[in-house]
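Numbering (this note's numbering), first residue to last: 70 to 351. Please read the structure below before turning to the comments.
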């Protein structure tokens with residue numbers, strides 16, 4: 070056997086990676102169009118190091134960002150949506166739920182649990198935009214109410230991180246009822262003198278922004294987050310004029326007094342733990 074045959078045999082045995090298996094080593098910022106190495110972006114908590122643009126992240130990254138290591142305990146992960154209306158548009162609601170579960174590994178757009186942030190205990194509710202656009206349905210509303218009840222029972226603060234397109238149309242009135250249901254639960258939390266901090270991430274729209282997301286004792290937004298009820302195009306068509314630049318963005322809402330602060334993702338954990346401590350929950 071000569072050297073040429075050895076090299077040719079080894080070359081034939083090498084399996085070329087398919088495109089789907091190749092790691093995405095580079096990330097392109099949607100704001101400044103910069104091309105960055107993905108490890109650099111991860112180290113910055115998915116914030117563009119060039120322009121500060123906050124890239125959307127999922128529930129897993131949110132938990133890693135906020136919860137002290139090993140402290141997050143998930144509750145109510147056994148709750149699953151049903152299809153009370155037998156709703157079908159292009160595809161059935163049941164199929165949409167199956168597709169969303171296969172995509173995210175979750176059974177609803179909300180993950181709720183308990184954790185510690187810099188040693189401060191809190192009830193934490195996180196919306197996952199990857200699950201049907203983070204839409205609010207019956208299960209999501211129930212998880213929020215149960216988180217409120219746990220906060221009252223354990224004398225802890227409640228933090229909800231919203232990322233949603235609004236109410237889930239496939240559940241119709243059942244979904245709309247969650248707006249009043251969650252609002253009533255938060256009123257009960259206030260009666261027990263326990264704080265509710267609402268964190269608005271990109272995007273927070275529709276029925277979510279019109280209910281619990283804007284009922285926080287303190288309302289925080291991530292930089293550049295889209296926040297509002299109706300979309301900009303719908304509003305412009307309704308009022309018959311153009312809207313100002315940056316309309317419905319976090320900084321615009323802060324300027325108009327609709328939210329309390331805009332906090333960079335890198336500072337969010339410390340800000341939340343400090344607020345809970347100041348509000349005498351710790």
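The beta carbon of each residue, even a glycine, is placed where N, CA and C say it ideally should be.
- Message: Output needed for residue 254: all residues of its chain with C-beta closer than 6 Å, excluding positions within five of it in sequence on either side, in chain order.
- Response: Sequence-distant Cβ neighbours of residue 254 in its own chain, meaning closer than 6 Å and more than five residues away, are 214, 217.
- Message: To the nearest angstrom, how far is the alpha carbon of residue 166 from that of residue 152?
- Response: Spanning the alpha carbons of residue 166 and residue 152 requires a straight line of approximately 9 Å.
- Message: Can you look up residue 182 in the DSSP assignment and give me helix, strand or coil?
- Response: Looking at residue 182 - three-state DSSP - the assignment turns out to be strand.
- Task: Look at residue 225 and residue 191 and say whether their C-beta atoms are less than 8 Å apart.
- Result: Residue 225 is a Cβ neighbour of residue 191, given a cutoff of 8 Å.
- Hey, could you find the ends of the alpha helix (DSSP H) residue 338 is sitting in? Where residue 338 is concerned, the enclosing alpha helix (DSSP H) stretches over 337-347.
- Message: What would DSSP say about residue 267, mapped onto helix, strand or coil?
- Response: DSSP places residue 267 in strand when its eight states are reduced to three.
- Message: Taking only three categories from DSSP, how would you classify residue 333?
- Response: When DSSP states are grouped into helix, strand and coil, residue 333 belongs to the coil group.
- Is any heavy atom in the ligand MG found nearer than 7 Å to the beta carbon of residue 236? Looking at this structure, you won't find the ligand MG or any other ligand, since it has none at all.
- How many angstroms separate the CA atom of residue 155 from the CA atom of residue 325? Their Cα atoms are separated by approximately 42 Å.
- Can you give the Cα-Cα distance for residue 342 and residue 309, rounded to whole angstroms? Going by the C-alpha atoms only, they are around 44 Å apart.
- Query: What whole-angstrom Cβ distance do residue 334 and residue 123 have, given they're in contact under 8 Å?
  - Reply: With a Cβ gap of about 6 Å, residue 334 and residue 123 count as contacting.
- Task: Closer than 7 Å by C-beta to residue 128: which residues in its own chain qualify, once you throw out the five before and the five after it? Chain order, please.
- Result: Shown here for residue 128: same chain residues with a beta carbon closer than 7 Å to its own, the five before and five after excluded, namely 180, 195, 197 in chain order.
- What's the C-alpha gap between residue 301 and residue 316? Each residue's Cα considered, the two are about 8 Å apart.
- Message: Can you find the residues in the same chain that come closer than 7 Å, C-beta to C-beta, to residue 90, ignoring five residues on each side of it along the sequence?
- Response: Below a pLDDT of 50, predicted positions are generally treated as unreliable, and residue 90, at 45, falls in that range; the measurement from the model is reported next regardless. Answer for residue 90: no residue qualifies.
- Message: Taking its Cβ as the centre, do 16 or more other Cβ atoms sit within 10 Å of residue 158, making it buried, or is it exposed?
- Response: Flag for residue 158 reads exposed.
- Message: What does the alpha-carbon distance come out to for the pair residue 346 and residue 117?
- Response: Between residue 346 and residue 117, the C-alpha separation is close to 30 Å.
- Use the C-beta contact count for residue 160: other C-beta atoms within 10 angstroms, 16 or more gives buried, fewer gives exposed. By the 10 Å Cβ count, residue 160 comes out exposed.
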